[in-house]
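One structure is given here, and the rest of the page talks about it.
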Amino acid sequence: MASNDTPLRVAIVGSGIAGLAAARILREKHDVTVYERGEPSVATGGQGIANFPNSTRILESIGFDYRRVGSVELAGWNSLDKHGKHLYSSDYNMRERYGAPLVSHMRVDFRTELLRLATAPAEDLGLVASAIPATTVWNNGAIDLDTETGRITLEDESVVEADVVIVADGIHSQLRNKILGEPISTQKTGMTCCRVAVSAERVEQALGKLPQWWQDQRERGQGYMHLVEALDGTSRFVIAYPLRDVNWMNMSWVFQTQKERKHTTESWHADGDKDEILEVYDDFDNSLKTMLRVADQVKLWELQDLEPLPTWTSGRAILIGDAAHAMTPLQGQGSNMAIEDADGLRLLTQPGVTRDGVPEILKTVESVRRPRAIKVLLNTRSTSKISSAADRYAKFDENCTYPGILGALKQQAAAV
Ligand SMILES: Cc1cc2nc3c(=O)[nH]c(=O)nc-3n(C[C@H](O)[C@H](O)[C@H](O)COP(=O)(O)OP(=O)(O)OC[C@H]3O[C@@H](n4cnc5c(N)ncnc54)[C@H](O)[C@@H]3O)c2cc1C
Numbered sequence: 001m002a003s004n005d006t007p008l009r010v011a012i013v014g015s016g017i018a019g020l021a022a023a024r025i026l027r028e029k030h031d032v033t034v035y036e037r038g039e040p041s042v043a044t045g046g047q048g049i050a051n052f053p054n055s056t057r058i059l060e061s062i063g064f065d066y067r068r069v070g071s072v073e074l075a076g077w078n079s080l081d082k083h084g085k086h087l088y089s090s091d092y093n094m095r096e097r098y099g100a101p102l103v104s105h106m107r108v109d110f111r112t113e114l115l116r117l118a119t120a121p122a123e124d125l126g127l128v129a130s131a132i133p134a135t136t137v138w139n140n141g142a143i144d145l146d147t148e149t150g151r152i153t154l155e156d157e158s159v160v161e162a163d164v165v166i167v168a169d170g171i172h173s174q175l176r177n178k179i180l181g182e183p184i185s186t187q188k189t190g191m192t193c194c195r196v197a198v199s200a201e202r203v204e205q206a207l208g209k210l211p212q213w214w215q216d217q218r219e220r221g222q223g224y225m226h227l228v229e230a231l232d233g234t235s236r237f238v239i240a241y242p243l244r245d246v247n248w249m250n251m252s253w254v255f256q257t258q259k260e261r262k263h264t265t266e267s268w269h270a271d272g273d274k275d276e277i278l279e280v281y282d283d284f285d286n287s288l289k290t291m292l293r294v295a296d297q298v299k300l301w302e303l304q305d306l307e308p309l310p311t312w313t314s315g316r317a318i319l320i321g322d323a324a325h326a327m328t329p330l331q332g333q334g335s336n337m338a339i340e341d342a343d344g345l346r347l348l349t350q351p352g353v354t355r356d357g358v359p360e361i362l363k364t365v366e367s368v369r370r371p372r373a374i375k376v377l378l379n380t381r382s383t384s385k386i387s388s389a390a391d392r393y394a395k396f397d398e399n400c401t402y403p404g405i406l407g408a409l410k411q412q413a414a415a416v
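Numbering of the sequence shown is given in the UniProt record's numbering, commencing with residue 1 and proceeding in unit increments.
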């Protein structure tokens, strides 16, 4: 290896979706260590997550194995009113349209697969032997960062030094202010989301059989978004999609915040109160409410986002993921942006990268990623309610055609 291709020491703060995807990409060339404040199983709710073609294209390029995860391909929408009356269905094959699928999976399974890709032996993943596994350090979060030297202070007061620091510590990032020079906090949107995952077994016990719309998906082995809207001016809706080979269903119940909960302002997650949600959806179809009743995990999020940040980089450190651009799940693009950010770090794996060149490369990453994420964030804000199929598809075109950082730089160069 030429001397200017010496592996860099990369420190990643946070083992969420952004941090682990970045670890997988950067291990191709560098010595990566991920520092996580929690246990190996941290940040793993039982709920689902959907990935659109803009991120599945990247996931497929890094060997993400849908079969291990029981991912379900989603091929359209079904729209109903609150009494269960069918309004319209639309097939929408994203693989045909954008060259990669829309898939859903259990969040815990998704993160486990990213962890495997970051830490499994190179030969298991078909990588070159020099792509050594990322090292993981659990239960030792970062509490301070010097962006010029790349020194990170950990909770146990030890100090580690890196050539590149990737700050991927989530929506309530502790290190964001070290990059921005001032603290910036999230803002609430006035909407609350209750998220549950429920197994087919439980629903069959409670209802005698699966609702027909679930059974259909099981028989086809293919899923779709099942959208139930109040359509009475209250902005309430429920969106359900299948997980784990259609044996589970993720349900998001979105409504205007009824009462503020101190703890949900501090974290995305808070244990929810089913009775309160059932009261908000009192006039909705009974079978849906039964599915909520028998779900064993109910989490509430008072939806929040971040104002677009003025910068993502300082010295040898860069913000990625929710730490850089937390957005509400109304377009389901948060984790997709995290994966796109990780792909942006591919610039650090190109030939000729040196320690001295890191700050400039991070600026180039930011020059593509920040405007892109701001656009998606603002688009998400304008999706304040579920819109018509035509509106939705126009946004899909914008979101799903992102060509990755190398493609985006090529497009920029061609436009000059
Ligand atoms: C209700 C809801 C539904 C959603 N649905 C979707 C969806 O369908 N599709 C989609 O694309 N996105 C969705 N999102 C958004 C998605 O979950 C986030 O965008 C994504 O998790 C961001 O990943 P991240 O790695 O940046 O942050 P996280 O996944 O939050 O990870 C941050 C990690 O950093 C760790 N950490 C924090 N502080 C420190 C520290 N000081 N030191 C070390 N480690 C630290 C945390 O413990 C955690 O492990 C949804 C969000 C919500 C709230």
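Ideal Cβ placement from N, Cα and C applies to all residues, glycine included.
ARG95 is a Cβ neighbour of PRO53, given a cutoff of 9 Å. Between ligand 1 and MET337, a heavy atom-to-CB distance of less than 8 Å is present. Considering only GLN47, GLY84 and LEU409, the residue with the shortest C-alpha distance to PHE284 is GLY84. Set against 8 Å, the gap from the CB of HIS172 to the closest heavy atom of ligand 1 is smaller. Cβ-Cβ distances below 6 Å link LEU102 to PHE52, LEU74 and MET94 in the same chain, with the five nearest sequence neighbours on each side left out; the list follows chain order.
If the five residues before and after TYR241 are omitted, its C-beta is found closer than 8 Å to the C-beta atoms of GLY48, ALA50, VAL72, LEU74, SER104, GLY223, TYR224, MET225, HIS226, MET249 and ASN250, all from its own chain and listed in chain order. In this structure, HIS325 lies near LEU377, with their beta-carbon atoms less than 9 Å apart. Residue environment for ARG220: exposed (fewer than 16 other C-beta atoms within 10 angstroms of its C-beta). A distance criterion of 8 Å places the beta-carbon of CYS400 beyond contact range of ligand 1, judged by its closest non-hydrogen atom. For ASN250, the secondary structure class from DSSP, reduced to helix, strand or coil, is strand. With contacts defined by Cβ atoms closer than 9 Å, GLU229 and THR311 do not form a contacting pair. Rounded to whole angstroms, ASN379 and LYS395 show a C-alpha spacing of 8 Å. Counting along the chain, the unbroken beta strand (DSSP E) around PHE237 starts and ends at 237 to 243. Counting only runs that start and end inside the segment 88 to 116, the alpha helix (DSSP H) elements of at least 4 residues fall at 94 to 98. For GLU157, the secondary structure class from DSSP, reduced to helix, strand or coil, is coil. Rounded to whole angstroms, the separation of the alpha carbons of VAL165 and LEU330 is 30 Å.
Straight through space, the alpha carbons of LEU309 and THR186 are spaced by roughly 11 Å. The shortest CA-to-CA distance from GLY16 to any of ARG27, GLY181 and GLY38 is the one to GLY38. Membership of ALA197 in the beta strand (DSSP E) is indicated by the continuous run 187 to 199. Within the same chain, Cβ atoms closer than 8 Å to the Cβ of GLN258 are found at THR192, GLU276 and VAL280, the five residues on either side in sequence being excluded. Rounded to the nearest whole angstrom, the CA to CA distance from GLU302 to ASP322 is 15 Å. Residue burial annotation: ALA206 is exposed, with fewer than 16 other C-beta atoms found within 10 angstroms of its C-beta. Residue range 122 to 125 is occupied by the alpha helix (DSSP H) that includes ALA122, with no beta strand (DSSP E) assigned at that position. Residue side-chain check: SER55 places its Cβ nearer than 8 Å to a non-hydrogen atom of ligand 1. The C-beta distance from ARG176 to GLU161 rounds to 20 Å, too long to fall under 8 Å, and the pair is not in contact.
Between SER287 and ASN247, the beta carbon gap of about 18 Å keeps them out of contact (Cβ cut-off 8 Å). In the displayed model, GLY76 falls within a strand according to three-state DSSP. Annotation for GLU340 indicates a beta carbon at 8 Å or more from all heavy atoms of ligand 1. Taking C-beta atoms as the reference points, ARG111 and LEU231 fail to come closer than 9 Å. Secondary structure at LYS395: helix, using DSSP grouped into helix, strand and coil. Judged by DSSP secondary structure, ASN139 falls outside any alpha helix (DSSP H); it is assigned neither H nor E. Residue pairing by DSSP places TRP214 in no beta bridge whatsoever. With a cutoff of 8 Å, ASP169 counts as near ligand 1, since its C-beta is closer than that to a heavy atom of the ligand. Between the segment 3 to 14 and the segment 201 to 218 there are fewer than three inter-stretch CB-CB distances shorter than 8 Å, so the stretches are not counted as touching. Bridge pairing for ILE166: ILE12 and ILE318 [DSSP]. Relative to ligand 1, the nearest heavy atom lies less than 8 Å away from the CB of ILE320.
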